[in-house]
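Enquirer:
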Amino acid sequence: MLGIYIHVPFCLRKCPYCAFYSLVCSESLKDEYVKAVARNIRRYSSMRLPCDTVYFGGGTPSLLTPRDVNEVLEVVRSSFNLSPSSEITMEANPCSVTRDSLSGYYRAGVNRLSFGVQSFNDNELRALGRLHDAKTALNAVDMARNAGFENISCDLMIGTPYQTIDSLLNSCWQLTSIGIPHISSYMLKIEDGTPYDCEEIRNSVADEDTVCDMYLALCDELRTMGYERYEISNFSKPGLRSRHNVKYWTGEDYLGFGPSAHSFFQGKRFYAASDLKAYISSEAQPELVEDAKPDQLEEYIMLSLRLSDGMSLERVNKLGGNAYAVMKKAQQFVTAGFTTLTDNRVTLTDKGALVSNSIIFELYSAAIGE
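The working numbering puts the sequence shown at residues 17 to 386.
#1: For His278, report the span of its beta strand (DSSP E) as first-last.
#2: List the residues that DSSP assigns as beta-bridge partners of Tyr287.
#3: Tell me whether Met17 sits in a helix, a strand or coil according to DSSP, three-state version.
#4: Between Gln347 and the rest of its own chain, which residues show a CB-CB distance below 7 Å, the 5 nearest in sequence each way excluded?
#5: What are the boundary residues of the alpha helix (DSSP H) that includes Val50?
#6: Just list the beta strand (DSSP E) runs in the region 126-155, keeping only unbroken ones of 3 residues or longer that don't cross its boundaries, in chain order.
#7: Please report the residue range of the beta strand (DSSP E) in which Leu364 lies.
#8: Report back the beta-carbon spacing between Cys34 and Thr226 to the nearest angstrom; my notes put them in contact at under 8 Å.
#9: Could you have a look at Asp171 and say whether DSSP puts it in helix, strand or coil?
#10: Rounded to a whole number of angstroms, what is the C-alpha to C-alpha distance between Arg142 and Leu232?
#11: Which same chain residues end up closer than 6 Å to Arg257 when comparing Cβ atoms and leaving out the 5 residues on each side of it in sequence?
#12: In whole angstroms, give me the CA-to-CA distance for Ser183 and Val371.
#13: Using the beta-carbon count (16 or more within 10 Å), is Tyr21 buried or exposed?
#14: Could you give the residue range of the beta strand (DSSP E) that holds Ile248?
#15: Which one or two residues does DSSP pair with His23 in a beta bridge?
Laid out in structure tokens, this is it:
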């Protein structure tokens, strides 16, 4: 079924490492933004499409009030055939929630939270420019549970300034000890044009080999604690994968609303421009085509290998690829410890996940005979 993504382009303050589209929150702009999102969602109402996930991402979606969120979700319910068992996720920063707001989000229908914790080391949080400390993050999780939330995810960053393997594993332990069922862990990437794009930061972060060691240590630790690495950067307790994000990696349709939101719908990839004022002033969200006819074989290999479920050689064959050549190439990576090959499925090991782009390129090249 369809997934719906809603990009909320507001932050209290822009983090120095972030390249996502966001602006400092303004109450007047926020009200107009909610109206524009609702207007664009209604454009699909005549189709009555079945839908089973909604994801508020950003930015900082928890800067919306419960009333704002309820308004958007009511429009989703009236415009789409939203399943009663839908997963409805909201990203939140620990410093931007209260007991009342969390209770309000829960009453509005949000049933999954994703907290941008990033670290439980206060020095690392300050270096990241975060507005919360470790205590605030723990309090936010506690308040969320008291409001009724059980399905909670937390982000951890790898390779941040001054981080060590020990401090990363301590942050991991903090999350597992309080029973967080889902953890997303992303390696810091220094994006061009951000405040982090400078020599001072480059000199304060771990080198590439150390970052790889951090990732492998985190994978080992979480596996020991009963989590599965179901995607390169995502770990969960059994049965608690992010249903919405899995749609991205399995080629299911999703519609994005809000400035800079991306969509994959009816075989086409398109997006909205990163311009809030233009988005608000436009009667209909412009669809800027990213790819009118994606290569199905390329997309399948690229996306399926991100998941622990892996890539089916039978599916490669059905999509017109040379499955035998892919198998022979994959066997070379098995020898190197980068992949596994079982029951005609290719999967990446933890070590292989670190060089996934190279492996994906090699396997796709084999599939098309290059």
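For every residue, glycine included, the Cβ atom is placed at its ideal position computed from N, Cα and C. As the structure is a computational prediction, the values presented were derived from the model and not from experiment.
Expert: Short version:
#1: In the sequence shown, residue 278 corresponds to position 262, counting from 1. 278-281 is the span of the beta strand (DSSP E), which, as asked, contains His278.
#2: Here residue 287 corresponds to residue number 271 of the sequence shown, with the count starting at 1. Paired residues: His278, Leu304.
#3: Translated into the one-based positions of the sequence shown, residue 17 becomes position 1. Met17: coil per DSSP, three-state reduction.
#4: Here the question's residue 347 lines up with position 331 in the sequence shown. Excluding positions up to five away in sequence, the list reads Leu357.
#5: In the sequence shown, the residue the question calls residue 50 occupies position 34. Here the alpha helix (DSSP H) through Val50 covers 43-58.
#6: 128-134
#7: Taking the first residue of the sequence shown as position 1, residue 364 is located at position 348. Leu364 -> beta strand (DSSP E) spans 361-364.
#8: Within the sequence shown, residue 34 is the residue found at index 18, counting from 1. Within the sequence shown, residue 226 is the residue found at index 210, counting from 1. Actually they do not touch by this definition, with Cβ atoms about 23 Å apart.
#9: Your numbering for residue 171 matches position 155 in the sequence shown. It is a strand residue.
#10: In the sequence shown, the residue the question calls residue 142 occupies position 126. In the sequence shown, the residue the question calls residue 232 occupies position 216. Those two C-alpha atoms are separated by around 25 Å.
#11: For the purposes of this step, residue 257 is taken as the residue at position 241 of the sequence shown. The residues are Tyr246.
#12: Here residue 183 is taken as the residue at index 167 of the sequence shown, counted from 1. Here residue 371 is taken as the residue at index 355 of the sequence shown, counted from 1. Cα to Cα, Ser183 sits roughly 24 Å from Val371.
#13: Locating residue 21 in the sequence shown gives position 5, where the first residue counts as 1. Result: buried.
#14: As a position in the sequence shown, residue 248 is number 232, starting the count at 1. Careful: Ile248 lies outside any beta strand (DSSP E) and carries neither H nor E.
#15: The sequence position of residue 23 within the sequence shown is 7, counting from 1. Gly73.
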